[in-house]
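Take a look at the structure set out below.
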DNA sequence: CCCTTTCCTTAACCGGACCTTAACCCTGCG
DNA sequence: CGCAGGGTTAAGGTCCGGTTAAGGAAAGGG
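Residue numbers (the numbering used here), protein chains in the order written: chain A, 6 to 251; chain B, 6 to 251.
The structure is reproduced here in structure tokens:
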């Protein structure tokens, strides 16, 4: 599911665009001025921002600039009636990812939103990271080209993580990827992550799933691969905590 | 440095584009047909591929499709004379990231290539001071390009200080940066600053955090770096105060 | 139709990272 | 000397992620 923020003060056009995007199963938020937009972008993670340039209170270019200064690299599509070259260049220079001139065809906007949101994940048929590869069509995960078995949930998690290409995926988005709107209230996510990790270790994958402070998770290459054979349970590591047994 | 592959069979236009891109310090490779392009893309990592659709031997759409099937997510800009909507949509559907209609302005092509290449390399904004750099997007602090670990609060402090570029940051603003409206009433700030300093020293950073009279704090370059090895606690400095032990 | 397997959920627990707090130390200054 | 501002240290507590095991639902095979 793609989350879009539309920033457009022409309410009629805005409604139009939103209707159209929601037909494509995108979730749309809307801001009618630059200040509101900035605050929304800073607070919530969007997949794409569709940003008009002519805005009350703070123009689109400035919004874009400020967002980039914050180190936020959310994809931004500029939307404007000006099609002069220098306008476009200015837009790109402020950190825009795309620039669409009004009037435009709705399907083109949709296509460009998709391209930015899913860039390199929607069309890509295979995800790779380290010695792990995930075939999108067949839902098969392989390590060194040897297929391994994952539970459906573990697979979904891995897919979502791999699509981020090593970037951090907020916890909330992970929940969303697996359960959609209504996530279980328990620590199910932790358990599934644990299972996924266990599977990856057993398969000798060269990647691991790392937790990032209070934000989310990401996949990384394992720092070291001591080439010793790991017989999966041979070492008396202190994995066991506080249990007297064992 | 950005590496671009240009796939274009019109040699005149190709030369033109290459000249233009190289003016921008990009390194250009060139292929004149689809098969050659595919093989190059599979062999070398490019930052961006500029791909004409009308090509001998294998058309651009097919090239794009095959690239994506391989799990290769190199950004691709489609280049074509057809500006019909359905052509564009087809391009995006095959996995293109952008679509530019001929004739186009060279600066716009350059801008779009930059946009795609930068996003890819996550070349987001960075703060630097001495040998310390702070990547705004990923919240990673590095010393000599080696990432170091900071607690969230220490990170926030460092970020706020670095944003001042060596100028003094009033104590009150620092409090605000970390806790917002309601700061703790204790000396928490002092403790966090202390931890930050400790981390910086351990990481061999060339900067330090200085206190300024009754006003605030700032970062400065360390005056001297006696190149002796610091084993973190080797020198019998009078760090210890008034304690009988030791 | 029942049994087995697989998988998901839930809860309890551990441990570490982190934040807060408070006490103490130093130096400089009136 | 006392006070103020900054620096240092250690203790306590909370929060969060990781681990484990048990119970139940769904799927599949006999």
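Every residue, glycine too, gets a C-beta built ideally from N, C-alpha and C.
Tell me which same chain residues have a C-beta within less than 7 Å of the C-beta of residue i, skipping the five on either side of it?
{"i": "residue 46 of chain A", "result": "10, 54, 72, 77, 79"}
{"i": "residue 144 of chain B", "result": "160"}
{"i": "residue 227 of chain A", "result": "211, 212, 213"}
{"i": "residue 243 of chain B", "result": "At residue 243 of chain B, the pLDDT of 41 sits below 50, so the modelled position is not reliable and the matter cannot be decided from this model."}
{"i": "residue 217 of chain B", "result": "173, 223"}
{"i": "residue 93 of chain B", "result": "104"}
{"i": "residue 107 of chain A", "result": "84, 85, 86"}
{"i": "residue 88 of chain B", "result": "106"}
{"i": "residue 188 of chain B", "result": "180"}
{"i": "residue 123 of chain A", "result": "none"}
{"i": "residue 234 of chain B", "result": "Only weak support is given to the placement of residue 234 of chain B: the predicted model assigns it a pLDDT of 46, under 50, and the question is left unresolved by the model."}
Helix, strand or coil for residue i per DSSP?
{"i": "residue 130 of chain B", "result": "coil"}
{"i": "residue 156 of chain B", "result": "coil"}
{"i": "residue 25 of chain A", "result": "helix"}
{"i": "residue 12 of chain A", "result": "strand"}
{"i": "residue 242 of chain A", "result": "Reliability of the predicted coordinates at residue 242 of chain A is poor, the pLDDT of 36 falling under 50, and the value obtained from them is presented with this limitation in mind. In this structure, residue 242 of chain A counts as coil in the three-state DSSP scheme."}
{"i": "residue 216 of chain B", "result": "strand"}
{"i": "residue 118 of chain A", "result": "helix"}
{"i": "residue 222 of chain A", "result": "strand"}
{"i": "residue 140 of chain B", "result": "strand"}
{"i": "residue 161 of chain B", "result": "helix"}
{"i": "residue 211 of chain A", "result": "coil"}
{"i": "residue 148 of chain B", "result": "strand"}
{"i": "residue 247 of chain A", "result": "For residue 247 of chain A, the pLDDT reaches just 35, beneath the cut-off of 50, and the residue's location in the model is therefore unreliable, although a value from the coordinates is still provided. Coil."}
Note down, in chain order, each residue of its chain lying with its Cβ closer than 6 Å to the Cβ of residue i, except the 5 sequence neighbours on either side.
{"i": "residue 51 of chain A", "result": "8, 10, 79"}
{"i": "residue 96 of chain A", "result": "83, 104"}
{"i": "residue 215 of chain A", "result": "223, 225"}
{"i": "residue 155 of chain A", "result": "146, 204"}
{"i": "residue 69 of chain A", "result": "81, 99, 100, 101"}
{"i": "residue 208 of chain B", "result": "148, 153"}
{"i": "residue 42 of chain B", "result": "12, 36, 68"}
{"i": "residue 31 of chain B", "result": "7, 9"}
{"i": "residue 130 of chain A", "result": "141"}
Kindly indicate the opening and closing residues of the beta strand (DSSP E) around residue i.
{"i": "residue 34 of chain B", "result": "31-36"}
{"i": "residue 206 of chain B", "result": "Unbroken run through residue 206 of chain B is the alpha helix (DSSP H), 193-207; no beta strand (DSSP E)."}
{"i": "residue 105 of chain B", "result": "103-106"}
{"i": "residue 55 of chain A", "result": "53-57"}
With residue i as the anchor, note down where its alpha helix (DSSP H) starts and where it stops.
{"i": "residue 178 of chain A", "result": "176-184"}
{"i": "residue 84 of chain A", "result": "Unbroken run through residue 84 of chain A is the beta strand (DSSP E), 81-85; no alpha helix (DSSP H)."}
{"i": "residue 93 of chain B", "result": "90-98"}
{"i": "residue 43 of chain A", "result": "39-48"}
{"i": "residue 190 of chain B", "result": "Where residue 190 of chain B is concerned, there is no enclosing alpha helix (DSSP H), given that its DSSP letter is neither H nor E."}
{"i": "residue 65 of chain B", "result": "65-74"}
Between residue i and the rest of its own chain, which residues show a CB-CB distance below 8 Å, the 5 nearest in sequence each way excluded?
{"i": "residue 171 of chain B", "result": "134, 223, 224, 225"}
{"i": "residue 232 of chain B", "result": "Since pLDDT at residue 232 of chain B reaches only 48, below the 50 mark, its modelled position is unreliable, and the value read off the structure follows with that caveat. For residue 232 of chain B, where only same-chain residues beyond five positions count, there are no Cβ hits under 8 Å."}
{"i": "residue 202 of chain A", "result": "213, 214"}
{"i": "residue 166 of chain B", "result": "174, 179, 214, 222, 223, 224"}
{"i": "residue 14 of chain B", "result": "37, 38, 57, 59, 60, 61"}
{"i": "residue 23 of chain A", "result": "11, 33, 35"}
{"i": "residue 4 of chain A", "result": "Given that chain A is displayed from residue 6 to residue 251, the structure contains no residue 4 of chain A and the question cannot be resolved."}
{"i": "residue 116 of chain A", "result": "none"}
{"i": "residue 17 of chain A", "result": "none"}
Do the segment 80-88 of chain B and the segment 29-42 of chain B make contact, defined as three or more Cβ pairs closer than 8 Å? no
For the segment 106-119 of chain A, list every residue whose C-beta sits within 8 Å of some C-beta in chain B, in sequence order. 110, 112, 113, 116, 117, 119
Report the residues of the segment 36-59 of chain B with a CB closer than 8 Å to any CB of chain A, ordered along the chain. none
Does the count of Cβ pairs from the segment 128-139 of chain B and the segment 58-67 of chain B closer than 8 Å reach three? no
Against chain A, which members of the segment 74-85 of chain B pass a CB distance test of less than 9 Å? 74, 75, 76, 77, 78, 79, 80
Using a beta-carbon distance cut-off of less than 7 Å, what residues from the segment 151-165 of chain B approach chain A? 157
Give me the subset of the segment 213-229 of chain A whose CB atoms are less than 9 Å from a CB atom of chain B, sorted by chain position. 217, 218, 219, 220
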